[in-house]
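Chains as they are written, first to last, in the numbering used here: chain H, 31 to 483; chain Z, 9 to 501.
Backbone N, C-alpha and C fix where the C-beta goes; we use that ideal spot for every residue, glycine too.
As structure tokens, the structure follows; a few thoughts come after it.
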Amino acid sequence: MKRILLLFLLPLAFLRAQEASLSVPYERIELQNGLNVILHEDHTIPRVSVNMWYHVGSGHEKPGRTGFAHLFEHIMFEGSGNVPEGMFDVWLEAAGGDNNGSTNTDRTNYYENMPGNALELALFLESDRLGFLLDAMSPEKVDGQRDVVKNERRQRYENQPYGMVWIVMAQNIYPKDHPYSWPTIGSMADLSAASYDDVVEFFKKYYVPNNASMVIAGDINIEQAKALAAQWFDEIPAGKPVEPIDPPATSLTVEKRLVMEDRVQLPRLYMSWLTPALFKPGDAEMDILANILAGGKNSRLYKRLVYDLQIAQDVSAFQASASLSSSFWIIATARVGHTLAELEAVIQEEIDRLKIEGPAEREVQRATNQYEASFLDGLETSAGKADQLNNYFVRTGNPDYFNEDLGRYKAVRQNDIRAMAQSFLPDGARVVLSVVPQGKKDLSAAESQEVMP
Amino acid sequence: MNLFIMQKKGLGMIERIVGLGIALLTVAGIAAAQKPNRSAPPPLGAPGTLSLPAIQKFKLSNGLPVVLMEKRGVPIVQINLLVKTGSAMEATDKAGVASMTAAMLDEGAGTRTALEVADAIDFLGARITTNAGQHTSVVALHTPVSKLDAALPLMGDIGMKPTFPVEELDRLRKERMTTLVQWHDQPGTIASVAFSQTLYGSRHPYGVPSIGNEQSLRAMKVSDLKRFHDTYYNPNNVTLIVVGDVGKAEIEKKLESVFGGWKGRTTASVNWPDANQVERRAVYLIDKPGAAQSEIRIGRIGVPRMTQDYFPIIVMNTILGGSFTSRLNQNLREEHGYSYGAGSFFDMRPLPGPFMAYSAVQTNVTDSALFEFFKEFRDIQKSMPEEEFEKAKNYIALGYPDNFESVGQIAGMLAEMITFNLPDNYFNTYVNKVLAVKKADVEQVAREYVLSDKMAVIVVGDKAVIEKGIRGLKLGAVQLKSIEDILGPPPKL
């Protein structure tokens with residue numbers, strides 16, 4: 031997974047001299063109810079971003095209610111005690127604002143981007159749904175968003191070629207009771223089962239100020255913004271502390287070889303391993319390793335499979351980082367007339383070579399340079415900086431973790447990559463899934479067991 | 009009520025931090041004493057105004073025009089070589105030549121092979137992308153300022169001195185033919201291809217996918233690409249757009265050294281065939297057995313970018329389907345739960361581009377969803393509430409500065425200005441032009457351009473489930489199609 035980089039530049043001269051120390055200046059306050067508020071000024075354009083993270087994601091769901099954290103995210107836009115249904119969006123748009131939210135395994139975020147003069151409107155709306163959501167909740171609202179979310183699942187998974195892969199893979203990478211073993215979108219049955227009572231319980235448990243953090247970034251006066259944040263959020267009482275998740279240990283100790291039919295023209299191979307969690311030692315190395323394998327024309331897998339042999343249409347590799355555990359992926363699509371066994375053989379050769387020889391120095395440097403440049407891109411927008419400040423604060427306690435984060439990448443050496451490949455890409459503990467056109471199991475990788483989505 | 013400053017970084021010194029802490033405690037105390045008034049949304053003050061750096065224009069010694077906007081802050085720079093020709097200049101039997109020319113620019117350039125070009129760019133951490141749209145082609149460099157000196161000559165080679173190796177053309181030909189194979193899996197792609205084909209026909213460049221088709225890809229030769237490049241990629245037909253952390257004197261010198269010796273030549277012009285407007289409503293049902301949703305595209309030929317009705321149209325479309333609170337999204341998603349989202353847009357090009365409304369809806373409500381689309385097309389022609397009209401105008405006008413935050417966005421805005429010969433003060437007058445739109449004008453353009461009985465209706469979905477309901481709506485003739493009717497058979501490699 032790519033981390034967005036951001037930055038603010040301290041003295042530009044330093045950056046130009048390549049001695050750069052990336053930094054996004056900020057202030058942080060903690061309200062008495064436990065809400066953390068982080069503020070950053072940037073007057074490039076007359077806009078401001080409010081970015082709210084609740085420290086709850088699909089990883090906090092209970093069995094039988096998969097998909098609930100995301101369904102709840104949808105419900106948060108449907109009005110609250112002092113905001114009639116529909117007016118959350120209407121008022122923001124009338125002020126020239128946009129908004130959205132997203133849910134992953136670890137957190138749920140919400141943001142509003144609007145002209146600076148509408149900051150107080152966003153704070154009113156965000157505080158109202160944190161303080162008074164249940165005053166306006168009804169079973170009908172839950173039903174309405176249940177239908178929308180089911181259509182989101184159809185659109186993103188069921189009606190997409192290879193769309194059901196993510197669901198099958200999660201089930202097989204993680205043990206059955208691990209919270210990463212189910213997809214954030216949830217199952218249709220669990221979405222159907224979600225009730226009004228579940229909404230009430232989930233809200234009271236997780237949507238409390240002491241389980242949230244808010245960034246205000248953009249065309250603001252920091253002192254005024256702090257005062258407004260206090261004004262709108264102070265009256266909301268703290269809730270009980272939220273206990274951290276206590277997941278079962280991840281334990282992938284065998285190689286699972288699976289095949290699934292789909293309505294697709296071309297077979298596609300998915301390989302996945304369990305890898306170090308976000309910001310843990312090894313996490314940045316796996317990002318660099320992914321770039322060496324499949325980032326650009328000269329990467330090892332792209333060059334062999336797509337450029338030289340021309341037996342694959344595409345290949346990608348990435349580290350999907352998350353707080354409890356990460357996973358590393360290699361995905362490749364076979365051209366017409368080629369099998370996934372052919373692709374797998376080449377991929378295995380290249381992994382083995384990295385384990386034995388390690389990468390060349392230039393390969394590591396090329397990858398690191400790309401990461402370094404991408405940190406600058408992340409500093410271009412207030413919305414991007416706001417989300418990253420929140421991310422860093424939640425994960426590390428330090429919102430301005432930009433330079434430290436980049437430092438992880440710059441510290442990676444050739445030997446680290448070889449060691450990581452040896453430690454985290456074992457042949458005997460991974461999931462290898464072949465997706466093949468219907469009736470074409472002969473195109474799969476060898477010795478694969480059939481699996482149904 | 010109490011605020012605790014946990015940390016402060018950036019500008020400050022310790023003394024200032026302490027001082028701020030005291031001030032905040034006071035403010036917070038006052039705020040808490042008066043509970044916030046939640047009886048109505050807080051009033052908005054006056055919005056800030058966007059103040060853009062000046063647009064600077066100059067020419068290199070060979071006449072090549074440069075448009076520069078200095079943007080200080082983040083030490084990056086975006087340089088776009090904008091070629092004022094794209095796929096619309098092709099004869100339809102040469103479909104895909106503009107796109108392939110762009111794709112081949114970095115597959116060997118100057119003295120470097122394809123792999124050497126890629127390695128050199130990647131090692132810098134820079135990005136150079138190449139692509140062709142319908143009326144423009146672009147080579148875009150995005151780089152840290154610290155790498156500009158090394159990256160710019162690479163960009164120059166890619167834009168001016170591509171070598172077009174035949175083995176790389178053969179490789180990309182196979183890649184694109186495989187893409188055509190994969191389209192057969194993608195209901196949204198099938199629907200969009202069918203929509204363009206239905207509106208413009210296969211003899212009009214807007215009716216044919218810009219990557220071409222199996223026949224044109226098979227026939228494509230290196231000489232086609234060389235001819236396209238020689239004809240259109242030259243100083244008489246390009247503009248350099250520069251946005252970022254560089255000054256005029258510095259960048260002028262650098263651009264001159266790379267692009268100043270590029271020789272110009274005369275470009276060709278072309279006459280486009282007329283497209284036949286949709287005059288009778290008809291439904292094209294493309295069967296995708298077992299589909300969980302139906303992909304819907306509805307519309308007709310719309311307007312060119314330079315239409316006099318530009319501002320009323322964008323306000324009208326914002327109300328109809330251009331934002332989350334638009335009527336189509338509220339109806340299909342929020343009221344009925346048929347879909348994850350619905351919307352509409354006018355794609356404005358030099359020639360009239362399409363007006364399209366779209367959604368992906370749950371299979372078993374396809375007919376109901378279509379009914380609601382046409383209800384909204386009829387209702388938008390009636391008098392609209394003042395509040396809704398004002399909301400749409402503010403949404404566009406106050407949101408406009410969002411287009412000028414990153415160097416890539418600004419370069420895109422400048423490209424639009426150049427492509428359509430918009431005046432230099434265009435960005436500064438845009439907001440007032442939006443706010444000056446009259447409600448009657450919006451209602452008028454709805455009646456003129458959203459002609460609900462003269463639209464093509466494309467549905468890609470499970471015919472066995474949805475056909476009967478669709479026929480029951482009596483929208484017009486229903487033509488049954490297969491995916492192969494639209495895309496042709498999957499190419500054999």
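Residue-chain proximity (residue i, chain Z), Cβ-Cβ < 9 Å
i: Phe358 of chain H; result: no
i: Gly411 of chain H; result: The residue asked about is misnamed: residue 411 of chain H is Thr in this sequence, not Gly. So, interface residue.
i: Asn134 of chain H; result: no
i: Met482 of chain H; result: no
i: Trp262 of chain H; result: yes
i: Lys470 of chain H; result: no
Residue i at chain H interface by Cβ criterion, 9 Å
i: Val450 of chain Z; result: no
i: Ile294 of chain Z; result: no
i: Arg308 of chain Z; result: no
i: Ala62 of chain Z; result: no
i: Thr186 of chain Z; result: yes
i: Ala8 of chain Z; result: The structure shown does not extend to residue 8 of chain Z, since chain Z spans only 9 to 501, so no value can be given for it.
i: Leu501 of chain Z; result: yes
i: Asn402 of chain Z; result: yes
i: Ala283 of chain Z; result: no
i: Asp317 of chain Z; result: no
i: Arg357 of chain Z; result: no
Rounded Cβ spacing between residue i and residue j (contact assumed at less than 8 Å)
i: Asn443 of chain H; j: Val394 of chain H; result: Per the sequence shown, the amino acid found at residue 443 of chain H is Arg instead of Asn. That belief holds up - the Cβ atoms of Arg443 of chain H and Val394 of chain H are roughly 7 Å apart, short of 8 Å.
i: Val105 of chain Z; j: Leu233 of chain Z; result: 7 Å
i: Pro170 of chain Z; j: Gly116 of chain Z; result: 7 Å
i: Pro267 of chain H; j: Asn63 of chain H; result: 6 Å
i: Gly167 of chain Z; j: Ser302 of chain Z; result: That belief does not hold up - the Cβ atoms of Gly167 of chain Z and Ser302 of chain Z are roughly 43 Å apart, past 8 Å.
i: Asp158 of chain H; j: Asn189 of chain H; result: With a Cβ gap of about 36 Å, Asp158 of chain H and Asn189 of chain H do not count as contacting.
i: Ser450 of chain H; j: Leu319 of chain H; result: A small fix is needed here, since residue 450 of chain H is Met in this sequence, not Ser. Yes, Met450 of chain H and Leu319 of chain H are in contact; Cβ-Cβ is about 6 Å, under 8 Å.
Under 8 Å from the C-beta of residue i: neighbouring residues of chain Z
i: Asn147 of chain H; result: Leu52, Gly53, Ala54, Pro55 and Gly56
i: Met75 of chain H; result: According to the sequence as given, residue 75 of chain H is Ile; it is not Met. The answer, in chain order, is Leu58, Pro409, Asp410, Phe412 and Glu413.
i: Glu477 of chain H; result: By Cβ distance, chain Z contributes nothing, its closest Cβ being about 26 Å from Glu477 of chain H, past 8 Å.
i: Phe154 of chain H; result: Pro44, Arg46, Pro49 and Pro50
i: Arg293 of chain H; result: Asp193 and Gly298
Length of the line joining the Cα atoms of residue i and residue j
i: Pro358 of chain Z; j: Ala202 of chain Z; result: 22 Å
i: Asn10 of chain Z; j: Leu65 of chain H; result: Its pLDDT being 32, under 50, Asn10 of chain Z is placed unreliably by the model, and nothing is read from it.
i: Met290 of chain H; j: Ala200 of chain H; result: 14 Å
i: Thr96 of chain H; j: Asp461 of chain Z; result: 44 Å
i: Leu76 of chain Z; j: Leu495 of chain Z; result: 42 Å
i: Gly116 of chain H; j: His104 of chain H; result: 12 Å
i: Arg288 of chain Z; j: Lys383 of chain Z; result: 18 Å
i: Leu443 of chain Z; j: Tyr141 of chain H; result: 26 Å
i: Tyr366 of chain Z; j: Arg226 of chain Z; result: 33 Å
i: Ala134 of chain Z; j: Arg235 of chain Z; result: 29 Å
i: Pro393 of chain Z; j: Val125 of chain Z; result: 57 Å
i: Ile388 of chain Z; j: Gly330 of chain Z; result: 13 Å
i: Val82 of chain Z; j: Glu315 of chain H; result: 27 Å
i: Ser69 of chain Z; j: Lys262 of chain Z; result: 12 Å
i: Ala448 of chain Z; j: Ile309 of chain Z; result: 23 Å
i: Tyr241 of chain Z; j: Thr247 of chain Z; result: 10 Å
i: Phe118 of chain H; j: Gly126 of chain H; result: 13 Å
i: Gly164 of chain Z; j: Arg438 of chain H; result: 34 Å
Interface partners of residue i on chain A, CB under 7 Å
i: Val120 of chain H; result: Going by chain labels, chain A is absent from the structure shown, which instead holds the protein chains H and Z.
Cross-chain neighbours of residue i in chain H, by beta carbon under 8 Å
i: Asp157 of chain Z; result: Ordered by position in chain H, no residue passes the 8 Å Cβ test against Asp157 of chain Z, which lies about 12 Å from the chain.
i: Lys182 of chain Z; result: Gln340 and Arg365
Cross-chain neighbours of residue i in chain H, by beta carbon under 7 Å
i: Gln370 of chain Z; result: Asn181 and Arg184
Contacts that residue i makes with chain H (C-beta to C-beta distance below 9 Å)
i: Ile478 of chain Z; result: Result: empty, since nearest Cβ-Cβ is about 18 Å, beyond 9 Å.
i: Gln190 of chain Z; result: Pro191, Val294, Gln295, Leu296, Gln343 and Thr363
i: Ile84 of chain Z; result: Ala403, Leu406, Asp407, Leu409 and Glu410
Check whether the region 220-236 of chain H touches the region 124-133 of chain H, taking contact to mean three or more Cβ pairs, one atom from each stretch, closer than 8 Å.
-> no
Please determine if the region 156-172 of chain H and the region 426-435 of chain Z are in contact, where contact requires at least 3 C-beta pairs separated by less than 8 Å.
-> no
Tell me, please, whether the region 314-323 of chain Z touches the region 413-427 of chain Z by the rule of three or more beta-carbon pairs shorter than 8 Å.
-> no
Are there three or more Cβ pairs, one per stretch, closer than 8 Å when the region 166-176 of chain H is compared with the region 217-229 of chain H?
-> yes
Three or more beta-carbon pairs under 8 Å between the region 236-252 of chain H and the region 78-92 of chain H, yes or no?
-> yes
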